[in-house]
Amino acid sequence: MLNHTSLSKHLFRPAILAAALSLSVILPSPATSAHAMVQVDFADLVERVSSGVVRISTTKPISEEMLSRNAQTSQLLREYLGEHAGNAPTIEHGFGTGFFITKDGYILTNHHVVKGSDSITVTLNDRTEMDATLIGSDEASDIAVLKVEGMNFPALTMSRNELRVGEPVLAIGSPFGFDYSASAGIVSAKSRNMTPEATVPFIQSDVALNEGNSGGPLFNKRGEVVGVNSHIFSDTGGYMGLSFSIPIDTALHIYEQIKTTGRVRRAAMGLVVQDVDRNLAEVYGLSRPQGALLTRVAVDSPADRAGLRPGDLVLNFNGHAITHAAEMLNLLNRAKPNDSFNLTYQRGNQKYVAQGTFAEAPSDVPAGGQHQSNNGLRLGLRLKELSPAEAQALASFGVNGGVMITSVNPMGLAARTGIQVGDVILGLNSHPTRSADEMAVAVKSLPREGVVPVQLIRQGTPAIIGMRIE
């Protein structure tokens, strides 16, 4: 589960009840006195857009660790309750929210809603249930794309207007399983980045979101989708006045890549940045805190080749003045591999200009997160393409490319074969796997049953193991 801070929680949990709610919000009117209030009535909006929102139900196998814990609990219960204790569950059920973005059945939701799922079902507001296919999912942005078969679905309208702080917004979702619940508030802030590596400039609002709202739409007062609800900030697991949504333009950028190529390509510069406080502003001779301070620059990265060093202060990035580090990260996250960059930075008391070309950031591929063949076989692993440094380290072994395992589902074929995190897969079923695309081809070639060879390097040692498919 993605956890930006110790208090940041996803909004996705098993549901227990269902209900339908709508409401309005009272906001101050700038045209009247400070004590006068004006009502923004969302009732018509809720009625108009609810049909475009869906409830998402998932099933997935419980991990071996959880199975072991459940078995121990069941054993203790049987000692006290006998046969009435029952057996430990082996399947986990979950629920979340999504919404139609096209009339031919494409649905947006959160990655963490569908992560590791064996089956996904969407329920429309008229209670129609449909099986959904996972087109792809991107953990870094927490966006997933689903597809249901059919035409003329009630696709929602995406906002093309600049969102403003203080603007009223509305969310529709299934908090704690109460289907089609609506809650309203205002935009509290924009471009919130919770970690230095964050890839999403979150919208912060005071809309009451709770577990189960994950993946649902955030609307403006015109009924246009402005965001995808994703996180809350809480030390209790429930709403505490801070909610975070993925901007819809960011979500659509991810959607287009997943729909077109099945994966998400991101630009990389090879640097880590932080904000400047009052003391650092004085060090750099600034009248106020501003800019993005480089704290790390990767060797042989685009930033390194452009001459940047830790301690440099970026003041302008591709024509945009940088006040906060988050502004630079947001610009970087919207860039594409092989695009050029131009920035102004300060080193000591002197200003310089640096230019270069973005590389492609290594990413977990394919976007779906669980390698699956056209025969329905699920390997149960996540992987990434090798970084330039990793590829160079393996070149001494005569290796030209490969894909590195980043996680292994203990219930999948890969785990039963003995594949481990950190292994570099060079070939699968006699197909080379020098890239994500080649890995996808190799996975599709797998037979329904039998044993296939897996060529890999583990801790610098080449090996070939047999994967039994049954």
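Under our numbering, the letters of the sequence shown match residues 46 to 515, in that order. The C-beta atom is built at its ideal place from N, Cα and C for all residues, glycine as well.
The Cβ neighbour count for residue 216, taken over all protein chains shown within 10 Å, is at least 16; the residue is labelled buried.
The continuous beta strand (DSSP E) containing residue 387 extends over residues 385-392.
Residue 361 has 366, 389 as its beta-bridge partners, per DSSP. Contact check between the region 85-92 and the region 164-181: fewer than three CB pairs, one atom from each, fall below 8 Å, which does not count as touching. Inside the region 430-497, DSSP marks whole beta strand (DSSP E) runs of 3 or more residues at positions 448-453, 469-473, from first to last along the chain. Beta-bridge pairing by DSSP links residue 106 to 136. The beta carbons of residue 514 and residue 499 sit no closer together than 8 Å. Across the structure, residue 333 and residue 360 are spaced so that their CA atoms are roughly 12 Å apart.
Straight-line spacing of the CA atoms in residue 362 and residue 373 works out to 7 Å. In the DSSP assignment, residue 299 falls within the alpha helix (DSSP H) that extends over 293-306. With respect to the 8 Å criterion, residue 390 and residue 353 are classified as neighbours on the basis of their beta carbons. When C-beta atoms of the region 289-303 are compared with those of the region 175-185, three or more pairs fall below 8 Å, so the two segments count as touching. When the five nearest sequence neighbours on each side are left out, the beta carbons in the same chain lying within less than 6 Å of the beta carbon of residue 228 are those of 216, 252, 253, in order along the chain. The alpha-carbon of residue 267 is positioned some 45 Å away from that of residue 483.
In this structure, 270 is the residue among 458, 270, 208, 213 with its C-alpha nearest to the C-alpha of residue 202. Sorting 479, 495, 195 by C-alpha distance to the C-alpha of residue 501 places 479 at the top.
About 5 Å separates the Cβ atoms of residue 471 and residue 447, confirming a contact at the 8 Å cut-off. Comparing alpha carbon positions, the residue from 148, 257, 249, 231 closest to residue 221 is 257.
Where residue 176 is concerned, the enclosing beta strand (DSSP E) starts and stops at 174-176.
Here residue 101 really is in contact with residue 143; their C-beta atoms are around 5 Å apart, less than 8 Å.
Between residue 315 and residue 290, the gap from beta carbon to beta carbon reaches 8 Å or more. In this structure, the alpha-carbon of residue 378 lies about 7 Å from that of residue 311. Straight-line measurement puts the Cα of residue 187 at about 10 Å from the Cα of residue 159.
Contact annotation: residue 424 and residue 451 have beta-carbon atoms that are not nearer than 8 Å.
For residue 153, the enclosing beta strand (DSSP E) begins and ends at 151-154.
Residue 347: member of the alpha helix (DSSP H) spanning 347-350, first to last residue.
Pairing residue 185 with residue 173, the inter-Cα distance amounts to about 32 Å.
Distances from the CA of residue 318 to each of 357, 387, 296, 249 were compared; the closest alpha carbon is that of 357. Here residue 136 is exposed. Its C-beta has fewer than 16 other C-beta atoms within 10 Å. In the structure shown, residue 196 adopts coil according to DSSP, grouped into three states. Considered as a whole, the region 203-278 harbours 213-218, 226-237, 247-250, 262-265, 270-278 as its complete beta strand (DSSP E) runs of no fewer than 3 residues, in chain order. Assigned with DSSP and collapsed to three states, residue 512 falls in strand. Contact between residue 277 and residue 287 holds: their C-beta atoms lie close to 7 Å from each other, under 8 Å. Around the Cβ of residue 156, a 10 Å sphere holds 16 or more other Cβ atoms; the residue is buried. Judged by DSSP in its simplified three-state form, residue 371 adopts helix.
Cα atoms of residue 148 and residue 292: separation of roughly 21 Å, rounded to the nearest angstrom.
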